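Accompanying notes for the structure given below.
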Amino acid sequence: MKKQIKKIHIESRETYGSPKITKILQKQGVKVSQKTVARIMKDDDIRSKTEKKYKATTNSKHHLPVYPNLLHQQFEVDKPNKVWVADITYIWTKEGWLYFASVMDLFSRKIVG
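Per UniProt numbering, the very first residue in the sequence shown carries number 1; after that it's consecutive.
Set out below in structure tokens:
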């Protein structure tokens with residue numbers, strides 16, 4: 001049973017704890033209690049990794065100046081390079097956060113930077 005528990009744990013990217021592993025084993029026809037699975041996991045030092053809670057990266061409650069909205073939701077432009085818009089996206093990787101910043105020409109919808 002230890003091998004089955006380790007296999008399920010690894011397949012879950014080490015995120016499943018004893019409750020989920022117990023349910024999977026029971027679906028596979030193994031008669032086992034959560035207490036038994038928890039004990040085996042503890043004895044073999046098998047622990048689930050917990051995801052860190054999302055941390056807000058924007059503070060809207062500040063006293064810094066806020067730039068005016070120059071577009072006023074007018075996203076149709078009559079010629080190229082008249083209006084550029086920008087955005088930043090956070091991408092989580094094994095090494096940590098990556099920041100993807102882009103600038104788009106609103107007329108052609110092409111990324112220009």
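Virtual Cβ for every residue (Gly too), placed ideally from N, Cα, C. Since this is a predicted model, take the numbers as computed values, not measurements.
The region 80–97 touching the region 60–67, judged by at least three CB pairs closer than 8 Å: Under the 8 Å Cβ criterion, the region 80–97 does not count as touching the region 60–67, having fewer than three qualifying pairs.
Report the residue ranges of all alpha helix (DSSP H) runs contained in full by the UniProt domain "Integrase catalytic" (76–113); include only those spanning at least 4 residues, in chain order. none
Excluding the 5 residues flanking glutamine 34 on each side, which residues of the same chain have their C-beta closer than 8 Å to its C-beta? Counting from one through the sequence shown, the residue named residue 34 turns up at place 34. Closer than 8 Å at Cβ, skipping near neighbours: Ser18, Pro19, Thr22.
According to DSSP, is lysine 55 part of a helix, a strand, or is it coil? Here residue 55 is taken as the residue at index 55 of the sequence shown, counted from 1. Looking at lysine 55 - three-state DSSP - the assignment turns out to be coil, as it is neither helix nor strand.
Within 10 angstroms of its Cβ, does isoleucine 111 collect 16 or more other Cβ (buried), or is it exposed? To locate residue 111, count along the sequence shown from 1; it is residue 111. Burial call: exposed.
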